[in-house]
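For reference, the structure discussed in these notes is given below.
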Amino acid sequence: MEEGTSLINVLAQGIVYEDGTEEPIQIGEACLHLFNTQKSSYIEVCGEADCLSKSLSYSLRNLDRLCDINKLSGLIAIFHSLKIDASWSGKGVGQVFYKKIEEQLVLLNVEMILLTTCEDEIGKDNTSDLPVYFKNLGFYPFQQSGEPIMYKKLLNPYIKI
967 MEEGTSLINV LAQGIVYEDG TEEPIQIGEA CLHLFNTQKS SYIEVCGEAD CLSKSLSYSL
1027 RNLDRLCDIN KLSGLIAIFH SLKIDASWSG KGVGQVFYKK IEEQLVLLNV EMILLTTCED
1087 EIGKDNTSDL PVYFKNLGFY PFQQSGEPIM YKKLLNPYIK I
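For the sequence shown, the numbering used here gives the first residue as 967, with consecutive numbering after it.
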């Protein structure tokens, strides 16, 4: 990351190969933003997030209520969407895809993952299933007024939530 880089947009593609073929099949995609807590001002990042996405802005503006921002030393990932192709839905590939993304986020020194559970941002049709779906992936709810935020700590045992 270059000096002063506030938010980095990441697009991850879920690709599988069926037995006996060499053709990749895209099963889904995820979009998230990475916020570098050491190189960017929290206030400036919140201002930039306002211009990019409703859920990104909402998640970041509530981050200071969730933890002590001054104790963060790694990256924060904010999920914008996680979508699986309808023909692959219900087969467990969404969870596998998410877990692979999380493995990569750990390698990048991501401390925490945030997401809001509003339907238009995450890409599920039934939002009542979202908190359970993400709880099963290790997320915890953090309720403020408005849409609920879910979070998951990946690193840094000093973050108190």
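Each residue gets a CB set at the ideal place from its N, CA and C atoms; glycine is no exception. If you're wondering where the values come from, they're calculated on a predicted model, not measured in any experiment.
Inter-residue spacing [alpha-carbon to alpha-carbon] between residue i and residue j
i, j, result
"ILE991", "VAL1076", "28 Å"
"LEU1081", "TRP1054", "23 Å"
"VAL982", "VAL976", "19 Å"
"GLU1085", "ALA996", "With a pLDDT of 48 at GLU1085, under the threshold of 50, the modelled position of this residue cannot be trusted; read the value that follows with caution. Approximately 14 Å between the Cα atoms of the pair."
"LEU1038", "ILE993", "34 Å"
"ILE1035", "VAL1011", "13 Å"
"GLY1040", "PHE1100", "22 Å"
"ILE1009", "LEU1026", "9 Å"
"PRO1114", "THR987", "42 Å"
"TYR1117", "LYS1005", "22 Å"
"HIS1046", "ILE1079", "11 Å"
"GLU984", "ASP1030", "44 Å"
"THR1003", "ALA1052", "36 Å"
Boundaries of the alpha helix (DSSP H) in which residue i is found, first to last residue
i, result
"SER1025", "1020-1032"
"PHE1001", "That residue, PHE1001, is in no alpha helix (DSSP H); its beta strand (DSSP E) goes 991-1002."
"LYS1065", "1059-1073"
Residue i and residue j closer than 7 Å at C-beta
i, j, result
"ILE1050", "GLY1060", "yes"
"VAL963", "LEU1120", "In the structure displayed, the chain extends from 967 to 1127; residue 963 sits before or after that span and is not available."
"LEU998", "ALA1043", "yes"
"PHE1001", "LEU1018", "no"
"SER1023", "ALA1015", "yes"
"PHE1108", "LEU1048", "no"
N-terminal and C-terminal residue of the beta strand (DSSP E) that residue i is part of
i, result
"PRO1114", "That residue, PRO1114, is in no beta strand (DSSP E); it is neither H nor E in DSSP."
"ASN975", "973-982"
"PHE1108", "1106-1108"
Beta bridge counterpart(s) of residue i as assigned by DSSP
i, result
"ILE1044", "HIS999 and LEU1080"
"ILE1050", "GLY994"
Cutoff 7 Å: residue i Cβ touching any chain D Cβ
i, result
"VAL1076", "The displayed structure is made up of one protein chain only, and chain D is not part of it."
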